[in-house]
Amino acid sequence: MISDKISEWFFKYNKDIYHLLLYYVGSGDIEDLVQEVFIRAIKGFDSYQAKSSPKTWLFSIARNVGIDEIRKRKRNKVKNVFPFGETEPKEEKTPEEMLNLNEDKRILYQVIKSLKSNYQDVIIFRAIKELTVPETADVLNWNQNKVRITYHRALKALETKKEEIHNERE
C-alpha cells in the first residue's frame, strides 16, 4: 500500500530531508516543507521508478520543494519592496535562533549561500548529505562527470570564500 511505503520512508528519511531543506532554504518552517515533500511523494508515487533509491527520489522532491520555497520568498521580497496590498511579514532569524547556530556553522552557511546555485546544490548533496556521485547525479539530473567537475570547482570556490572571510576578520 502506498501510504505504508511513504510512512516507512518518512520515518527513515525525514531527518535527512529536514537537514537538506534547512541548508537549502535557511530559516523558516522547515517542518511544513518536509510535509510538503511527503505529500508530493504520495501524489507522485505512481511515477516513482525504482531506478534510484527512495532516498535520492525523495531528495530530488525536496530539492524542488526548496526551489519553490526560495522562489516564493523572492516574490514576497518584491512585494515588500513594492507593496501592492497585504503581504506576509519577512521571515528573519531571531537573536535566539542566531545564537543556536554556532559561529562556524553560521559562517559555513553564509559562505555556501554566497556561491552560485549549482555549487550550492553539489556541496549540499555531496559534502553535507554525503550522497555518492551516482546518487547526486540522480537527484540533480546531471551526468556523473558534471557532478565530479562541479563539486571540485565548488570546493575551490568555497575555500576561496572562506579565506576571504578569514582575512576580513583579521
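Numbering (the numbering used here), first residue to last: 314 to 483. Heads up, the beta-carbon is just placed ideally off N, CA and C, and yes, glycines get one too. Model, not experiment: these values are computed from the prediction.
Taking DSSP as the reference, what is the three-state secondary structure of residue i?
| i | result |
| --- | --- |
| tryptophan 370 | helix |
| tryptophan 455 | coil |
| aspartate 342 | coil |
| leucine 421 | helix |
| glutamate 443 | coil |
| leucine 471 | helix |
| lysine 385 | helix |
| lysine 429 | coil |
| phenylalanine 395 | For phenylalanine 395, the predicted model reports a pLDDT of 36, less than 50, meaning its position is unreliable; a value from the coordinates is still stated below. Here phenylalanine 395 sits in coil by DSSP. |
Use the C-beta contact count for residue i: other C-beta atoms within 10 angstroms, 16 or more gives buried, fewer gives exposed.
| i | result |
| --- | --- |
| glycine 398 | At glycine 398, the pLDDT of 39 sits below 50, so the modelled position is not reliable; the number obtained from the coordinates is stated separately. Flag for glycine 398 reads exposed. |
| lysine 403 | Residue confidence for lysine 403 is low, a pLDDT of 45 falling below 50, so the modelled location carries little weight and cannot support an answer. |
| glutamate 344 | exposed |
| glycine 379 | buried |
| lysine 356 | exposed |
| isoleucine 437 | buried |
| isoleucine 374 | buried |
| arginine 439 | buried |
| alanine 363 | exposed |
| glutamate 476 | exposed |
| glutamate 448 | buried |
| glutamate 481 | exposed |
So residue i and residue j are supposed to be a Cβ contact under 8 Å. How far apart are they, rounded?
| i | j | result |
| --- | --- | --- |
| lysine 474 | valine 435 | 15 Å between Cβ atoms; not a contact. |
| phenylalanine 372 | leucine 334 | That pair is no contact at about 10 Å. |
| threonine 369 | aspartate 451 | 5 Å |
| asparagine 327 | valine 347 | 6 Å |
| valine 350 | isoleucine 319 | Their Cβ separation, rounded to whole angstroms, is 10 Å, which puts valine 350 and isoleucine 319 out of contact at 8 Å. |
| tyrosine 336 | isoleucine 441 | 6 Å |
From which residue to which residue does the alpha helix (DSSP H) around residue i run?
| i | result |
| --- | --- |
| aspartate 359 | No alpha helix (DSSP H) holds aspartate 359; DSSP gives it neither H nor E. |
| phenylalanine 323 | 315-338 |
| serine 365 | From DSSP, serine 365 is part of no alpha helix (DSSP H); its letter is neither H nor E. |
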